[in-house]
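In what follows, a structure is listed as structure tokens, so that the remarks can point back to it.
Number of protein chains: 2
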Amino acid sequence: MSLRHALLGLIAELDGASGYDLLKVFEISLGTVWQATQSQLYGELGKLTDTGLIEVSAEGPRGRKEYAITDAGQAELRHWLVETEPKPHRRDEVMLRVFFLDQIGPEEALGYMDRMIDALSGRLDELARLEEIVPWEEEGGLTGNGRLTMEYGKRFMAMRRDWFVWARKQYEERRSGAGTGG
Amino acid sequence: MSLRHALLGLIAELDGASGYDLLKVFEISLGTVWQATQSQLYGELGKLTDTGLIEVSAEGPRGRKEYAITDAGQAELRHWLVETEPKPHRRDEVMLRVFFLDQIGPEEALGYMDRMIDALSGRLDELARLEEIVPWEEEGGLTGNGRLTMEYGKRFMAMRRDWFVWARKQYEERRSGAGTGG
DNA sequence: CCTAGACGTGTCACATTCGACATGTCAACA
DNA sequence: TGTTGACATGTCGAATGTGACACGTCTAGG
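Protein chains in written order, with the working numbering: chain U, 11 to 192; chain A, 11 to 192.
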């Protein structure tokens with residue numbers, strides 16, 4: 011269960027963040043690699059506080075609670091980072107559909123691939139635009155890792171787009187091959 | 011919820027498959043894009059049968075049940091494939107850790123990246139070996155899509171490995187830059 | 001005959017996740 | 001003064017997923 015560790019890491023980096031702040035980070039910055047809903051987040055903050063891995067370091071207006079990581083939390087974060095191995099948890103709906111593309115007509119299958127190629131190209135454009143806007147040299151915050159993640163995002167989208175272009179070509183070749191041959 | 015549709019698609023392609031057979035497919039062939047545990051799978055087969063999307067087409071030795079897709083199931087599968095859009099559900103523990111690599115010492119951070127590079131290289135070797143062994147020209151089954159998935163797996167692993175190599179270099183440059191500069 | 005191992009189905013308790021709902025505060029502006 | 005919208009925290013039920021357990025059958029080989 012990594013939401014716990016995502017929160018722990020975030021609180022360690024962003025000192026004095028509230029649940030609301032953290033939610034924004036999940037939406038914007040961390041969202042590429044890990045997602046969390048609001049109810050999940052507040053629930054987990056409660057559990058982490060109960061377990062003593064984080065603590066409420068200050069309270070602000072509107073019931074705002076600012077969190078800080080405790081020594082126990084730091085130890086747990088470190089343990090997770092250096093002593094446990096990540097297990098890839100593969101679950102990809104886009105690729106799952108590709109698996110069953112035989113089940114629908116060729117027009118629709120090609121349509122699906124075209125839509126995916128368009129969507130991925132769009133995402134790549136967005137990323138390129140975003141990269142120009144973001145103030146990379148700014149102090150504090152996650153921009154160091156943000157840059158790495160941004161590059162990963164770009165490579166990932168490009169790889170997928172290129173694969174779809176290739177798969178589409180394969181599909182058409184198989185199709186025309188079966189048509190003229192046999 | 012895509013497990014339902016993964017099963018539906020599989021039963022449509024592999025006629026007369028049992029739960030046990032399907033489990034093998036998840037372990038070997040489909041595992042790259044979608045995972046399922048045994049308890050999940052049998053549970054879902056029961057639900058699909060109750061809903062009338064699949065039916066038990068034959069019973070074999072050892073209580074074996076063979077499943078077939080019904081017209082309603084075919085319609086549902088088709089609906090899912092052509093009329094709904096996949097929502098990417100990003101959750102990647104390996105990349106999540108990268109986000110928090112600042113939290114540990116440089117030796118350990120570089121160690122993590124090296125381990126990832128090794129692991130990915132290993133996976134790529136495995137895939138190359140597997141590709142030579144698999145009888146691609148065989149009739150029936152998933153080899154058509156298997157080939158697409160195989161290529162995707164190769165590109166995905168290679169992309170990640172290359173990214174880690176790049177990120178490692180970035181990390182070292184930032185480190186020595188901060189050390190000699192400033 | 002016995003037994004190991006593949007084949008085969010199923011349940012149960014627990015944890016995690018999701019989406020919707022409920023509640024309230026503070027600042028800005030008409 | 002009223003109201004809009006960002007800030008802010010929380011609960012609840014239902015769906016999903018995980019790992020362990022429980023049970024029974026058929027085949028090959030010692």
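Even for Gly, the Cβ is constructed at its ideal location relative to N, Cα and C.
Sheet register partners of residue i (DSSP bridge)
{"i": "Lys-75 of chain U", "result": "U:Glu-69"}
{"i": "Ala-27 of chain A", "result": "A:Tyr-77"}
{"i": "Gly-44 of chain U", "result": "Rather than Gly, the amino acid found at residue 44 of chain U in this sequence is Trp. DSSP output for Trp-44 of chain U lists A:Arg-101 as bridge partner(s)."}
Residue i, DSSP secondary structure in three states
{"i": "Ile-64 of chain U", "result": "strand"}
{"i": "Arg-100 of chain U", "result": "coil"}
{"i": "Gly-115 of chain U", "result": "coil"}
{"i": "Ser-280 of chain U", "result": "Chain U is shown only over 11 to 192; residue 280 of chain U falls outside these bounds and no answer can be derived."}
{"i": "Phe-110 of chain U", "result": "coil"}
{"i": "Met-123 of chain A", "result": "helix"}
{"i": "Thr-59 of chain U", "result": "helix"}
{"i": "Ser-49 of chain U", "result": "helix"}
{"i": "Glu-95 of chain A", "result": "coil"}
{"i": "Met-11 of chain U", "result": "coil"}
Separation of residue j from residue i, as counted between CA atoms
{"i": "Met-167 of chain A", "j": "Thr-47 of chain U", "result": "29 Å"}
{"i": "Leu-241 of chain U", "j": "Asp-172 of chain U", "result": "With chain U covering 11 to 192 only, the question about residue 241 of chain U has no answer from this structure."}
{"i": "Ala-82 of chain U", "j": "Ser-67 of chain A", "result": "57 Å"}
{"i": "Pro-96 of chain U", "j": "Glu-103 of chain A", "result": "6 Å"}
{"i": "Arg-139 of chain A", "j": "Gln-113 of chain A", "result": "38 Å"}
{"i": "Phe-174 of chain U", "j": "Ile-127 of chain U", "result": "6 Å"}
{"i": "Ser-12 of chain A", "j": "Glu-86 of chain A", "result": "12 Å"}
{"i": "Leu-158 of chain U", "j": "Glu-141 of chain A", "result": "32 Å"}
{"i": "Arg-101 of chain U", "j": "Arg-14 of chain U", "result": "20 Å"}
{"i": "Lys-164 of chain U", "j": "Asp-135 of chain U", "result": "9 Å"}
{"i": "Phe-109 of chain A", "j": "Ile-143 of chain A", "result": "38 Å"}
{"i": "Ser-39 of chain U", "j": "Arg-185 of chain U", "result": "42 Å"}
{"i": "Leu-137 of chain A", "j": "Met-169 of chain A", "result": "14 Å"}
Cβ neighbours of residue i in the same chain (closer than 6 Å, five flanking residues each side left out)
{"i": "Asp-31 of chain U", "result": "none"}
Spatial neighbours of residue i in its chain, beta-carbon cut-off 8 Å, leaving aside the 5 residues before and after
{"i": "Glu-69 of chain U", "result": "Lys-75 and Glu-76"}
{"i": "Leu-120 of chain A", "result": "Arg-178, Tyr-181 and Glu-182"}
{"i": "Ser-28 of chain U", "result": "Gly-70, Arg-74, Lys-75, Glu-76 and Tyr-77"}
Contacting residues, own chain, Cβ-Cβ under 7 Å from residue i (five flanking each side not counted)
{"i": "Thr-80 of chain U", "result": "Gly-62, Leu-63, Ile-64 and Glu-65"}
{"i": "Gly-19 of chain U", "result": "Leu-87"}
For the stretch 160-176 of chain U, which residues have a CB atom closer than 9 Å to at least one CB atom of chain A, in sequence order?
Cβ contacts with chain A: Glu-161, Tyr-162, Arg-165, Phe-166, Ala-168, Met-169, Arg-170, Asp-172, Trp-173 and Trp-176.
Using a beta-carbon distance cut-off of less than 9 Å, what residues from the stretch 41-52 of chain U approach chain A?
Result list: Gly-41, Thr-42, Val-43, Trp-44 and Gln-45.
Residues, ordered as in the chain, of the stretch 77-100 of chain U that lie near chain A by beta-carbon distance below 9 Å:
Hits within the stretch, in order: Gln-84, Leu-87, Arg-88, Trp-90, Leu-91, Val-92, Glu-95, Pro-96, Lys-97, Pro-98, His-99 and Arg-100.
Could you list the residues in the stretch 113-131 of chain A with a C-beta less than 7 Å from some C-beta on chain U, going in chain order?
Close to chain U, meaning a Cβ-Cβ distance shorter than 7 Å, are the following residues of the stretch 113-131 of chain A: Gln-113, Ile-114 and Glu-118.
Residues within the stretch 13-39 of chain A neighbouring chain U, beta-carbon criterion of under 9 Å:
Of all residues in the stretch 13-39 of chain A, His-15, Ala-16, Leu-18, Gly-19, Leu-20, Ala-22, Glu-23 and Ser-39 have a Cβ within less than 9 Å of some Cβ in chain U.
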